[in-house]
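Visitor: Going left to right, the sequence shown walks through residues 243 to 464 as this note's numbering numbers them.
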Amino acid sequence: MSANPDFIYQPPMTPYLEIIYQDDDLVVLNKPSGLLTVPGRLPEHKDCLQNRVNKVLPSATIVHRLDMATSGIVLMALNKPAHVHISRQFEQRETQKSYIARVYGLVKEEDGEINLPLICDWPNRPKQKVDFEHGKKSQTFYRVIQRDENSSLVELTPITGRSHQLRVHMLALGHPILGDRLYAHDKALTVSPRLQLHAQMLTVSQPKTGKKVKLTCSSPFN
């Protein structure tokens, strides 16, 4: 059973591949909304960021992922030592990440912290849900950037990296992300043709030099 039974995969073709940073160990991409990070199980789900990158950089491997509907920064390693090094940074939460999102309604507080444990909503997978008994600890900081008549632009900083964490946390706050096919109510869904969630910043240590590299990619909707 799928939460999206009528879904048809139509990945965007332009820009086909947008590289925003590259050195001997890393390549960093701006993934468009609507493109899978890695291939799906079905043949029609083979087109993805990983396969597009591998056409020009065969050694590139995925270190982390973004949801298909989310746009923004995805980092890939170009060799095995770099992959091991960067994977460890993600596992030990040494990386820094921030996202920009436009959410439904006017967020009351200027900033805050969301601590709500998450677990897969198995009958409705891939959806996730808050579960205080069995859920895994999930933590997000938010900060309001601006408010307009019916929505708020927020900066989201995930401390943990659970599946759909930002989407479910903002829903739980009463402010679903605009254009969210899985979680938004009709009013929040119809105002945007895409999920208005974008990975705008990632900071990692360069594997060989140890130097901090801050990668940024501006949001297409703010």
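No residue lacks a Cβ here, since even glycine has one placed at the ideal position from N, Cα and C.
On a predicted model such as this, the values are computed, not experimentally measured, just so you know.
1) Assign Val298 to one of two classes, buried (16 or more other C-beta atoms within 10 Å of its C-beta) or exposed (fewer than that).
2) Buried or exposed: where does His427 fall if 16 or more other Cβ atoms within 10 Å of its Cβ makes it buried?
3) Round the Cβ separation of Pro253 and Leu277 to the nearest angstrom and send it over; I've been treating them as touching at under 8 Å.
4) Do Ala311 and Leu437 have their C-beta atoms closer together than 8 Å?
5) Exposed or buried, what is His406 when buried is set at 16 or more other beta-carbons lying within 10 Å of its beta-carbon?
6) Taking the continuous beta strand (DSSP E) assigned at His185, which residues delimit it?
7) Could you check the C-alpha separation between Ala430 and Asp422 for me, to the nearest Å?
8) Kindly list the residues whose CB is nearer than 7 Å to the CB of Ile304, restricted to its own chain and excluding five residues on each side of it in sequence; keep chain order.
9) List the whole-angstrom C-beta distance separating Val345 from Ser394, where the pair is believed to meet the contact cut-off of C-beta under 8 Å.
10) Starting from Phe374, follow its DSSP beta bridges and name the residues at the other end.
11) Measuring CA to CA, which of Val372, Asp373, Asp265, Ser275 is closest to Thr256?
12) By Cβ distance below 6 Å, which residues in the same chain neighbour Gly377 in space, the five residues on each side in sequence not counted?
13) Are the Cβ atoms of Gln448 and Thr458 separated by less than 8 Å?
14) Quick test of your reading: Ile454 and Thr445, contact by CB under 8 Å. State the CB separation rounded to the nearest angstrom.
Guide: With the structure as the only source:
1) Counting from one through the sequence shown, the residue named residue 298 turns up at place 56. Exposed: under 16 other Cβ atoms inside 10 Å.
2) Residue numbering aside, residue 427 sits at position 185 when the sequence shown is read from its first letter. So His427 counts as exposed.
3) Here the question's residue 253 lines up with position 11 in the sequence shown. Here the question's residue 277 lines up with position 35 in the sequence shown. Pro253 to Leu277, Cβ: 5 Å. Contact.
4) Taking the first residue of the sequence shown as position 1, residue 311 is located at position 69. Taking the first residue of the sequence shown as position 1, residue 437 is located at position 195. Yes, these two residues count as a Cβ contact at 8 Å.
5) As a working mapping, residue 406 is identified with position 164 in the sequence shown. The residue in question, His406, is buried, as its Cβ has 16 or more Cβ neighbours within 10 Å.
6) Because the chain here runs from 243 to 464, residue 185 falls outside it and cannot be looked at.
7) Walking along the sequence shown from the start, residue 430 turns up at place 188. Walking along the sequence shown from the start, residue 422 turns up at place 180. Rounded to whole angstroms, Ala430 to Asp422 spans 8 Å at the Cα level.
8) For the purposes of this step, residue 304 is identified with residue 62 of the sequence shown, where counting begins at 1. Result list for Ile304: Thr279, Val280, Gln292, Met318, in chain order.
9) To locate residue 345, count along the sequence shown from 1; it is residue 103. To locate residue 394, count along the sequence shown from 1; it is residue 152. Confirmed, Cβ separation roughly 5 Å.
10) In the sequence shown, the residue the question calls residue 374 occupies position 132. Paired residue(s): none; Phe374 is not in a bridge.
11) As a position in the sequence shown, residue 256 is number 14, starting the count at 1. Measuring from the Cα of Thr256, the nearest candidate turns out to be Ser275.
12) Indexing the sequence shown from 1 puts residue 377 at position 135. Within the same chain, Gly377 has close Cβ partners Pro359, Leu360, Ile361.
13) Here residue 448 refers to the residue found at position 206 when the sequence shown is read from its first residue. Here residue 458 refers to the residue found at position 216 when the sequence shown is read from its first residue. Not in contact: Gln448 and Thr458 (Cβ atoms no closer than 8 Å).
14) As a position in the sequence shown, residue 454 is number 212, starting the count at 1. As a position in the sequence shown, residue 445 is number 203, starting the count at 1. The residue you asked about is not Ile; residue 454 is Lys in the sequence shown. Yes, Lys454 and Thr445 are in contact; Cβ-Cβ is about 6 Å, under 8 Å.
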